[in-house]
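Position in the sequence shown (first residue = 1) + 1 = the numbering used here. Every residue, glycine too, gets a C-beta built ideally from N, C-alpha and C. Each remark here refers to the structure printed beneath this line.
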Amino acid sequence: MQAEAAGSLARLQAAHEALLAPSLEPVQGVVLGLKRFAKRVVRKLVGWYVEPRSAAQREFNAEAIRCANLAMETTRQLSDHLLSTEYATDVIRWFKPQFAVELAALREQSAEQADLSRRLLTRVNASGVEIERLADQLPALYERVGVHSAGPVGFDYAAFEARFRGDRATITANQRHYAAQFGPPDASGIVADIGCGRGEMVEILIAVGHDAVGIDSDADMIAQCEGLELPVVRANGLTWLDEQEPGSLKGVFCAQMVEHLVVSELERFVEAALRALRPGGILIVETINPRSLFALANHFFADVTHVRPVHPETLRFICEQAGFRETLLEERSLHPMMLRHGLDSTEQTGAAGDDVINLIRTVFGFQDYALKAIK
């Protein structure tokens, strides 16, 4: 538009210059009498001068009109632009309060969300602290639970064991043969009885010449052992094993104890025993045999402090995984039913046939088993 206006103005200037009359000398000596003749002559003579001027005037007028039209169009466009600008300004002015309200609402929502995020973050952090606190309490919980993971009972557990496991003489007779499996009594090192109870095995070991110590967390059991002047320590058996110097023990014994442990404690017990034993040291674990339904129904479930039975092959696997180089399994304590029918070995069969014999062994099989693991 600016270029077109500049061109039009240039053409208008050129047309204006063309209108300027050329310079003429005054004509003198014309006879006044010849006016009429002179007019005709002059009309013809000045035609060469007037006609170009007239054409230039027409061109000038046309250019002037075009410039005026261009100016009017420019003015119209500027007016339209001004109207659009004013309309936009009015729209903005009209929406400005609404924008302010919306902006205030957005700011309020943002503030609420920020506050909600802060509260959620505070709760998350608090939950993390609580989780860490509970995690920190787990070891202490295991320490309080000790070898009796099912928790303490309100009744006299020593009297309970005397009724359901047997008296001192019975337990001593059942455990006496284990003493020889710990090697020569004069060999240096201690045999630790973990969960020693009334101290029958500790007494047997000392009687044959071994250095021995009993570990139990039950105050009544410890009191009975101390009454017999047996060397005992009231402590959590797992913790006590963890505190021993590596390779300091020649033997670890536990009878009817692992069924009181959860799996993680059982693994910890086996690993702690392996670490505390010297090379060639012996771990002997006696527990209820879950292969006998009679043993499960009448021995395992009778004791409310039992957690779960431990299958002999499971215990063997745990010991092997921990690093014991050799494991030996011995099933013990045949039910009288088996003896009455002459089924005192796994190779024998009876007149009723193998299937019946296997069923009898499943129901009335060996009541206990002992796993011997050698480091």
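Burial is judged here by how many other beta carbons sit within 10 angstroms of a residue's own beta carbon; D217 has at least 16 and is buried.
The C-beta separation of T288 from D369 comes to about 7 angstroms, placing the pair in contact by the 8 angstroms criterion. Under the rule that a run must span 4 or more residues, the alpha helix (DSSP H) segments found entirely inside the stretch 221 to 298 read 238 to 244 and 264 to 277. Sequence-distant Cβ neighbours of V234 in its own chain, meaning closer than 6 angstroms and more than five residues away, are I216. The beta-carbon distance between V286 and C255, rounded to whole angstroms, is 6 angstroms. This is short enough to meet the 8 angstroms contact definition. Around I207, the same chain offers A213 as residues with beta carbons nearer than 6 angstroms, after the five sequence neighbours per side are excluded. In the three-state reduction of the DSSP assignment, D187 falls in the coil class. If you draw a 10 Å sphere on the C-beta of E201, you find 16 or more other C-beta atoms in it, and that means buried. Around the beta carbon of Y88, fewer than 16 other beta carbons lie within 10 angstroms, which makes this residue exposed. Annotation for A371: the continuous beta strand (DSSP E) segment containing it runs D369 to I375. Under the criterion of beta carbons closer than 8 angstroms, L330 and L372 qualify as touching, at roughly 6 angstroms.
In terms of Cα proximity to R362, the closest of L250, R317, F295 and K376 is F295. When the five nearest sequence neighbours on each side are left out, the beta carbons in the same chain lying within less than 7 angstroms of the beta carbon of H300 are those of I289 and Q368, in order along the chain. Assignment of T328 by DSSP, reduced to helix, strand and coil, places it in the strand class. With respect to the 8 angstroms criterion, L231 and V253 are not classified as neighbours on the basis of their beta carbons. Residue range D212 to D217 is occupied by the beta strand (DSSP E) that includes A213.
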